[in-house]
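According to the numbering used here, the stretch in the sequence shown is residues 22 to 597, in order.
We treat Cβ as the ideally placed atom computed from N, Cα and C, and that holds for glycine.
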Amino acid sequence: MRFFLTLPDGRHFALEKPVVSVGTEPACDVVLSSPGVKASHALLFRDARGWTVSAASPGCDVRVRGKRVDLSPLAPGDSFVIGRATLTLGASEELRSHLQPDTTPSSRLLPVLTDFASRLLVQRPASELLDVTLRGIADVTSSDVGFLVSVEGDRRQVVASTGSVPAAVVVDSLVDQVVASGAPVLVPDVAVEASLAGAPSVLALRLTSALVLPLRAGSAPLCAVYLGRRVGSPPFASRDLEEAMALSSLAALLLATSRELTELRSQVDNLTQRIAAATFEGLIGESPAMRSLYRQIERLGPTSLHVLIQGETGTGKEEVARALHRRSGRRGRLVAINCAALPESLIERELFGHVRGAFSGAGADRAGLVEAADGGTLFLDEIGDMPLSLQSRLLRVVQEHEVTRLGEHRPRKVDMRVLSATHQPLKALVARGAFREDLLFRLEEVRLEVPALRERGDDVLLIAHHVLKQEGGRARGFTQKATEALRGHPFPGNVRELVSRVRRASILASGESLGAEDLDLGADATPLLPLDAARDAFVLRYVREAIARSGGSKKDAARALGIGLRSVFRYLGEED
Ligand SMILES: Nc1ncnc2c1ncn2[C@@H]1O[C@H](COP(=O)(O)OP(=O)(O)OP(=O)(O)O)[C@@H](O)[C@H]1O
């Protein structure tokens, strides 16, 4: 689709540039001589949504459907009026224009663009990039003065300037106009604009001509690029505006990318430091629940107490057993067996060993895992699945510190500590007659609860980053959406599920940051939760958002939410 303007005399003007100026002065793209039209009166510019018309400077009257507008989108067929001239936007597949605009790029723009892009692509702090951006735009437009004002709500700040500028320039009607409309403003001659006569920028900087344009880099605060010329320099013309807009669009893109990279780096640095401080014997986590677990492991490690490790599937029970063994100081090995993975006969042979001929195929004597754990630790994973018939043999081992190989009658002395793990409520198994109570008493001299991942707050992010780093792929961090998705997902499979999601994503994804979709945590993938868990997850997210919106202050967030500070800590799962 090609667009054109129908002028008052019926001619068509092809809109082939992103910004088109309309006015009486010859430098304008569309030159009109109708009464009431000013030297530079209106600007038309194109973005992803289509064409928009705006007043070129505050005193210029632009009307759409009879109403005065600062800025108005135009659809094909829409007209706007400036002075006594009516212009209409048209669109057609085929267009033969009567007037062809000059589309030759300015010779000074191309080298500046190239240099500008290469300078911006070198990683620098954001403040330096803004400086480079401003100087590039000021250079190409031969401005005598240039400064960049960042606008965040009521807060305005000069964040870069080509020379010293007085602080008063931040309160400026041209900046206001650009911020309000999001459109550029071109004032060729400030002397003819009564509304600008007292503007701080014009007075303080002794400007004769001004050009102000918006610069928005991703989620960064909006900036206004203010360019000025003084006595002795020619006034700004529409070509300057066009070139400045081209540079500012490019800069916005590069600044957004650079900002994302900087954020990613600081996210990675911050998490790497946190992970280092939050690692205990291979376990990662800094949540109060994990810290309490570390303290218990430290205390229990060197004792000879048998420990039952309880926790949902994939929470890290085996890691906890390994940590307990490392902290035990026992000289022997940690020997593990998964009671759910093997049939009864195999568990028996594996655990207790056998002598030659004990069963068909037993060609030689063989020590079992119990003997292998002599002087060390025997880890019985999924103890709830231990067949009842083997439980009494195991009880003898734990009670008497003796093991008898299959086919043999001579018991052998063993010195070992037993750690067992289960995700099942063993008391309920006892009640059903599926587990021996006396064995449970023996195995559970102390019980350790491993918390579910969803109860560990931001540990999920620490572990996710740790896994990503270990994988060593291209991805170095997570997008904001992915971070939120990780925080909000209930992880029924706990750490094991997290590890496999991150591994798979880091192998399959190609970018520097993994998104929620890469982790298969899109909106549709979130499973339904029990209402209590959903409510808790929502409250946690809401409290976090309140803290973020309060600039990180938990106190202010508590006030805004109408709850006490202690409650905020409680919802976050933190100790105050
Ligand atoms: N706190 C942690 N930090 C880092 N990685 C962990 C943590 N906890 C568990 N993992 C990793 O998660 C995976 C599952 O852990 P583990 O096998 O210990 O869980 P489990 O509770 O014994 O599982 P199951 O119930 O299936 O026996 C392993 O790859 C382990 O290394």
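According to the Cβ coordinates, are Val199 and Val190 closer than 8 Å? The criterion of a C-beta distance shorter than 8 Å is not satisfied by Val199 and Val190.
Is Asp402 near ligand 1, with its Cβ less than 7 Å from a heavy atom? yes
For Pro187 and Leu151, the rounded distance between their alpha carbons: 19 Å
Output yes or no for whether 8 Å exceeds the beta carbon distance between Ile305 and Ile484. yes
According to DSSP, simplified to helix, strand and coil, what is Lys448? helix
Compute the distance between the beta-carbons of Gly303 and Val471, then report whether it is under 8 Å. no
Alpha-carbon to alpha-carbon, Thr154 and Arg556: 47 Å
Should His346 be listed as close to ligand 1, given that the test is whether its C-beta is under 7 Å from any heavy atom? Answer for His346: no, Cβ out of range of ligand 1.
By the three-class DSSP mapping on this structure, what secondary structure does Glu284 have? helix
What does DSSP give as the partner residue(s) for Arg468 in the beta ladder? Leu329
Three Cβ pairs or more, each shorter than 8 Å: is that satisfied between the stretch 389–408 and the stretch 350–360? Contact between the stretch 389–408 and the stretch 350–360 is present: 3 or more CB-CB pairs across the two stretches fall below 8 Å.
State buried or exposed for Glu465, treating a residue as buried only when at least 16 other CB atoms are found within 10 Å of its CB. That one is buried.
Please report the distance separating the alpha-carbon of Asp402 from that of Ser534. 36 Å
Which residues DSSP lists as bridging Pro235, in chain order: Ala245
Rounded to whole angstroms, how far is the Cβ of Ala231 from the Cβ of Val211, which I believe are closer than 8 Å? Taking 8 Å as the upper bound for CB-CB distance, Ala231 and Val211 are in contact here, some 6 Å apart.
So Gly509 packs on Arg562, CB below 8 Å; how close in whole Å? 6 Å
Closest by CA to Asp480, which one among Phe301, Ala449 and Gly174? Minimum Cα distance to Asp480 is reached at Phe301.
Any heavy atom of ligand 1 closer than 7 Å to the CB of Arg23? no
Can you grab the Cα-Cα spacing for the pair Glu37 / Val161, in whole Å? 22 Å
By DSSP, does Ala503 sit in helix, in strand, or in coil? helix
With burial defined as no fewer than 16 other Cβ atoms inside 10 Å of the residue's Cβ, what is the status of Ile404: buried or exposed? buried
When the Cβ atoms of the stretch 384–392 are set against those of the stretch 425–438, are three or more pairs found closer than 8 Å? Touching, per the Cβ criterion.
For Lys59, which three-state DSSP category applies? coil
What are the boundary residues of the alpha helix (DSSP H) that Ile528 is part of? Per DSSP, Ile528 belongs to the alpha helix (DSSP H) from Asn515 to Leu529.
Taking Cβ to Cβ, would you say Leu262 is nearer than 8 Å to Val102? no
Buried or exposed by the 16-neighbour rule on C-beta atoms within 10 Å, applied to Ile528: Result: exposed.
Since Phe25 sits in a beta bridge, which residues does DSSP pair it with? Ala35 and Gly111
Which residue marks the beginning of the beta strand (DSSP E) containing Ala442, and which one marks its end? Arg438 to Thr443
Cβ of Ile296 within 7 Å of any heavy atom in ligand 1? Ile296 has its CB no nearer than 7 Å to any heavy atom of ligand 1.
For Ala223, three-class secondary structure by DSSP: It should be noted that the sequence gives Val, not Ala, for residue 223. Of the three classes helix, strand and coil, the one that applies to Val223 here is helix, per DSSP.
If we ignore side chains and look at the alpha-carbon of each, how far apart do Leu108 and Glu505 end up? 49 Å
Cβ pair His62, Ala48 closer than 8 Å: no
Sorry if obvious, but does the Cβ on Arg260 come closer than 7 Å to a heavy atom of ligand 1? no
Any chance the CB of Gly428 is under 7 Å from a heavy atom of ligand 1? no
On the CB-based measure, 16 or more other CB atoms within 10 Å of its CB, does Ala452 come out buried or exposed? exposed
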